[in-house]
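Okay, so the sequence shown: first residue is 4 according to my numbering, each after it adds one. All C-beta atoms in this analysis are idealised placements derived from N, C-alpha and C, irrespective of residue type, glycine included. Just so we're clear, the structure is a prediction, and the values are computed from it rather than from any experiment. First comes the structure, then the notes that go with it.
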Amino acid sequence: MPTVLFTGGTRSGKSALAQSFAERHAPPLLFIATAQVLDEEMSARIARHQADRGPAWKSLESPLDLPVVFESALAGAGYGAVLIDCVTLWLSNLMGAGHGVAAILEEVHRLAGVLGSASVPTAVVTNEVGSGIVPAYVSGREFRDLAGEANQVLARACSHVVLAVCGLPLPVKPLGGPLP
4 MPTVLFTGGT RSGKSALAQS FAERHAPPLL FIATAQVLDE EMSARIARHQ
54 ADRGPAWKSL ESPLDLPVVF ESALAGAGYG AVLIDCVTLW LSNLMGAGHG
104 VAAILEEVHR LAGVLGSASV PTAVVTNEVG SGIVPAYVSG REFRDLAGEA
154 NQVLARACSH VVLAVCGLPL PVKPLGGPLP
């Protein structure tokens, strides 16, 4: 089954491209959300994303246990496609919960393993954070480095990687290949 990693900068269109990919498949569709409602701005952002999805979508929240939730969701559920949004928030949640970098990378490798054996088409959204300025604080640099390493692990595990720029998909892996 195709697994597609959609990456790009903030508001680059990666989530919309990932949703479009998933919606090319028969319902029911599964959205696995890693975001947590921590303030009004995030609540509004989540509501906007939910409004963009129709009744074909079921949602599961997984702010911390993403590999476990993804794997259990695939077990006989009959979904036409799965969309995980977003890896970067998941990493941030894990860091905020006190997990160290090594433990988080173990979870990333667990997720990569599940992606490698996914039984349905799967879209995974993550932010490209390495193209910006160097963060001023140690914690920011640690997060940027962690996200970069996690994205590399997931890109190797996925059959396709798409970079979103200005809402346009740029195929990265396979080079120049069409999306399934």
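Under 8 Å by Cβ, that's how I've got residue i and residue j pegged, so tell me the actual separation to the nearest angstrom.
i           : j           : result
residue 90  : residue 127 : 6 Å
residue 175 : residue 164 : 4 Å
Among the options, whose alpha-carbon lies nearest the alpha-carbon of residue i?
i           : options              : result
residue 147 : 78, 6 and 95         : 95
residue 144 : 160, 31, 81 and 98   : 98
residue 8   : 72, 152, 129 and 149 : 129
residue 4   : 166, 48 and 121      : 121
residue 67  : 36, 172 and 141      : 36
residue 70  : 108, 51, 53 and 55   : 108
residue 22  : 39, 87, 47 and 76    : 87
residue 27  : 172, 154 and 125     : 125
residue 34  : 72, 6 and 85         : 85
Mind checking residue i: buried by the 16 CB within 10 Å criterion, or exposed?
i           : result
residue 177 : exposed
residue 44  : exposed
residue 13  : exposed
residue 11  : buried
residue 140 : exposed
Looking at the strands, I want to know which residues DSSP matches up with residue i.
i           : result
residue 88  : 36 and 128
residue 163 : 7
residue 176 : 164
residue 171 : 168
Completely contained beta strand (DSSP E) runs for the segment 25 to 71, where each covers 3 or more residues:
32 to 36 and 60 to 64
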